[in-house]
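Below is one structure, written out as structure tokens; the observations come after it.
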Amino acid sequence: MSLQDNRLPPHDLAAEEAVNGSLLINDNAIHEVAPFLKPEDFFSEPGRFVYEAALDLFQRGEPIDQVTMAQELERQQRLERVGGAAYLVHLLGVVPTSLDAGHYGKIVRNSSIARSLVVAGTQITNLAYDEGCTVDLGTAVNKAKMLIAGIEQQVGPSFIDHPEFSVLGNDSFRAHWQGPSVTIELSRLQPSGNVEIEVIHGVNGHSKTLVVASHNLLRQNEFFNLIKALEGSRVTFPWREGLTKAFAMAMQHFKEGTPSQKVGRKPEGMSQTWQVYPISERGQITEVYGAGGGLKTYLAIYNMLGCQLLPFYPKISDYFSSLGLIPMQANGLYLDWESSKESMDRRCWAIKAGWGITNDSDDECFEYLSCDKPLLYEMDRIRRVIESRDITFVVIDSQMAASRSGTNPDQLAGEFFNAVRTLGCTAWVVDHSTKADARGDTLESSGPFGSVVKYNRARAVWEVRGTHTEGDEFYDLSLKNVKNNDSQLFHTIGIRARFYNTPIPSRVLQKVEFEHLNLLNDSPELAQRTVGIRRLAIDYFTKTGNKRISIEKLAAAIGKAEASVRAELYRQKGTFDKNMEGLWGLIDPLQHIE
Numbered sequence: 001m002s003l004q005d006n007r008l009p010p011h012d013l014a015a016e017e018a019v020n021g022s023l024l025i026n027d028n029a030i031h032e033v034a035p036f037l038k039p040e041d042f043f044s045e046p047g048r049f050v051y052e053a054a055l056d057l058f059q060r061g062e063p064i065d066q067v068t069m070a071q072e073l074e075r076q077q078r079l080e081r082v083g084g085a086a087y088l089v090h091l092l093g094v095v096p097t098s099l100d101a102g103h104y105g106k107i108v109r110n111s112s113i114a115r116s117l118v119v120a121g122t123q124i125t126n127l128a129y130d131e132g133c134t135v136d137l138g139t140a141v142n143k144a145k146m147l148i149a150g151i152e153q154q155v156g157p158s159f160i161d162h163p164e165f166s167v168l169g170n171d172s173f174r175a176h177w178q179g180p181s182v183t184i185e186l187s188r189l190q191p192s193g194n195v196e197i198e199v200i201h202g203v204n205g206h207s208k209t210l211v212v213a214s215h216n217l218l219r220q221n222e223f224f225n226l227i228k229a230l231e232g233s234r235v236t237f238p239w240r241e242g243l244t245k246a247f248a249m250a251m252q253h254f255k256e257g258t259p260s261q262k263v264g265r266k267p268e269g270m271s272q273t274w275q276v277y278p279i280s281e282r283g284q285i286t287e288v289y290g291a292g293g294g295l296k297t298y299l300a301i302y303n304m305l306g307c308q309l310l311p312f313y314p315k316i317s318d319y320f321s322s323l324g325l326i327p328m329q330a331n332g333l334y335l336d337w338e339s340s341k342e343s344m345d346r347r348c349w350a351i352k353a354g355w356g357i358t359n360d361s362d363d364e365c366f367e368y369l370s371c372d373k374p375l376l377y378e379m380d381r382i383r384r385v386i387e388s389r390d391i392t393f394v395v396i397d398s399q400m401a402a403s404r405s406g407t408n409p410d411q412l413a414g415e416f417f418n419a420v421r422t423l424g425c426t427a428w429v430v431d432h433s434t435k436a437d438a439r440g441d442t443l444e445s446s447g448p449f450g451s452v453v454k455y456n457r458a459r460a461v462w463e464v465r466g467t468h469t470e471g472d473e474f475y476d477l478s479l480k481n482v483k484n485n486d487s488q489l490f491h492t493i494g495i496r497a498r499f500y501n502t503p504i505p506s507r508v509l510q511k512v513e514f515e516h517l518n519l520l521n522d523s524p525e526l527a528q529r530t531v532g533i534r535r536l537a538i539d540y541f542t543k544t545g546n547k548r549i550s551i552e553k554l555a556a557a558i559g560k561a562e563a564s565v566r567a568e569l570y571r572q573k574g575t576f577d578k579n580m581e582g583l584w585g586l587i588d589p590l591q592h593i594e
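First residue of the sequence shown: 1, per the UniProt record's numbering; consecutive thereafter.
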């Protein structure tokens, strides 16, 4: 049963036109609304189409004006549907200035949330009539709670919501952002362009102020424009963009509701610090890059799916151990800018088939979001999924596609990694090689495509290189650890992928298996005398269930065993051959455990 209501859903067409009119007058107004306003927030179809076209232009780094808007709508075959060029002329006359774009955007956003509340209210009413008289009343109540919780997440603040700011004088300002259990204050702008950030935490009802740091958020020309803006001159300054960067920096150091912590205690062991040993640490960003078609996505899916299914299928640890890896349980979220859900389903099913798993229940699948806007503008949607699904492991595929377009790659890369850190999850970032490296012009790795900041901001960086003969069902890969903070580099990992029932790169795939690849084909006499010492040690630990040996001690034993192998190779050959880095000797790893 449903109740009849002849009223139109909440909306404000004047505010919607004012937002789009402001964008046509001054494209800098996009910084005021893009962080929180989405195309689906518009009630009218013309308003939604125009705003979506404005976002597309902005993401490509193109100006937003009457001419470019008409061209973009024509390209999307929507110009006539919005009312033609005459409608764009009408929007230009709706507002005299773009200064209030953020205010109009809030009206549009609030109307959208109100519509969601109306829909939820109707659904709850129907639940009461349809299920309320049955025995399972608790199910109806739980569904109602989920509907309300979904709206609460839309209303809840995030670090890219509009902060409040006020001018304190002609050379300083104060900005304020209030989260669920933390307040961030920015103040005391200095002539150098530095801003002091204060994070105020509410801990057990008590406030604690922590001065994070002074960060130079502004380039010199931006600082002069800011001073002119504070003095009342007609100069546009990207307030929201600058403050968003500052808030991202603050949230990077202090998560919501978390006070400062003591550092220096004994680590809890590898099981607490690794997501997938030795590739990805928990809570850190790992970048995995390589040439196109190099199976980077397959490796990301393999690791995320393994961590997700580990509680259901403990035998998965055997498949990982054969590669020299140790997975830890996690709830995964795959953020995809490159592919489609259908393609991901095929790849996941092929990997599960390689493990001998045929079940496809929802509990055994990780979460997936298809993204088309830059990461910064997808944050609200992503954070809602992370919070509602208790996500701990995120894959971003790929970094280049998820970044905003612009002329300063270092600045854009820094913005991207700041946003990733605020997610509060272990992150696996997939990226592409430089063009020269992808062509094979250089023998040494030249790094991820685009910016040195990508290399510097990640905790660990792994390069994927592969060789494949067309028509062959085998694809050989090497994962080389080219950068790792606070510790020595790990040995190169060799992996062989075998594809069944399909030639690469056919989209129709039935099954794929990953196995250990011997990287020492140039020394068969030595390779025949060796086995993977990691596999020996991990098999001993996982199959015997020897809980007297911690994984932390096991990792130390592996390191000592590999060191002894290095020494033996040095004695045999006189010099240490870099190609031998993957050699693990026939050494009992347990003799190294203290």
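Virtual Cβ for every residue (Gly too), placed ideally from N, Cα, C.
Are the beta-carbon atoms of residue i and residue j separated by less than 9 Å?
i	j	result
F49	D27	no
S22	V67	no
E45	Y104	no
W428	V394	yes
F320	V276	yes
P333	L375	The question names Pro, yet the displayed sequence has Leu at residue 333. Cβ atoms of L333 and L375: not closer than 9 Å.
L55	Y377	yes
A330	T392	yes
residue 626	I396	Because residue 626 is not part of the residues shown, which for the chain are 1 to 594, the question remains open.
V118	Y298	no
A101	A29	yes
D372	W337	yes
E32	S112	no
V288	V141	no
M69	L99	no
S370	K341	yes
Going by DSSP, what residue range makes up the alpha helix (DSSP H) through residue i?
i	result
I107	A101 to D130
E40	Counting along the chain, E40 falls outside any alpha helix (DSSP H), and DSSP gives it neither H nor E.
N20	L13 to I25
Q308	K296 to L309
S478	S478 -> not in any alpha helix (DSSP H); beta strand (DSSP E) instead, spanning F474 to N484.
Y319	I316 to S321
Please report the residue range of the beta strand (DSSP E) in which residue i lies.
i	result
R384	Segment L375 to R389 is the alpha helix (DSSP H) holding R384; no beta strand (DSSP E) there.
G290	I285 to G290
T492	From DSSP, T492 is part of no beta strand (DSSP E); its letter is neither H nor E.
K49	The sequence given here places Phe at residue 49; Lys does not occur at that position. No beta strand (DSSP E) holds F49; the alpha helix (DSSP H) holding it covers E45 to Q59.
residue 676	For residue 676 there is no data in the structure shown, the boundaries of the chain being 1 and 594.
I396	F393 to D397
W349	That residue, W349, is in no beta strand (DSSP E); its alpha helix (DSSP H) goes K341 to G354.
R459	Element bounds for R459: n/a, residue is neither H nor E.
V367	The displayed chain sequence assigns Glu, not Val, to residue 367. Start and end: E367 to S370.
A29	Run containing A29: none; DSSP gives neither H nor E here.
Is it buried or exposed for residue i, if we count other Cβ within 10 angstroms and need 16 for buried?
i	result
V89	exposed
A14	exposed
T97	exposed
K352	buried
S398	buried
K296	buried
R421	buried
L73	buried
S317	buried
T467	exposed
R7	exposed
Y500	exposed
T426	buried
Rounded C-beta distance between residue i and residue j? I'm assuming under 8 Å.
i	j	result
L147	Q123	6 Å
F43	R109	With a Cβ gap of about 12 Å, F43 and R109 do not count as contacting.
G283	S433	That pair is no contact at about 27 Å.
L479	A497	That belief does not hold up - the Cβ atoms of L479 and A497 are roughly 12 Å apart, past 8 Å.
I493	G324	6 Å
G47	N20	6 Å
G306	P278	Not confirmed; about 15 Å, so no contact.
A460	E281	7 Å
F474	I495	Going by Cβ atoms, the distance from F474 to I495 rounds to 11 Å, so no, they are not a contact pair.
R115	P9	5 Å
G481	W462	As written in the sequence, residue 481 is Asn, which differs from the Gly given in the question. At roughly 6 Å, the Cβ-Cβ gap stays under 8 Å, so N481 and W462 are in contact.
Taking 9 Å as the CB-CB limit, is residue i close to chain D?
i	result
A300	The structure shown has no chain D; it contains just one protein chain.
Three or more C-beta pairs under 8 Å: does that hold for the stretch 358 to 368 against the stretch 404 to 423? no
Would you say the stretch 405 to 414 touches the stretch 341 to 351, given that touching needs at least three Cβ pairs under 8 Å? no
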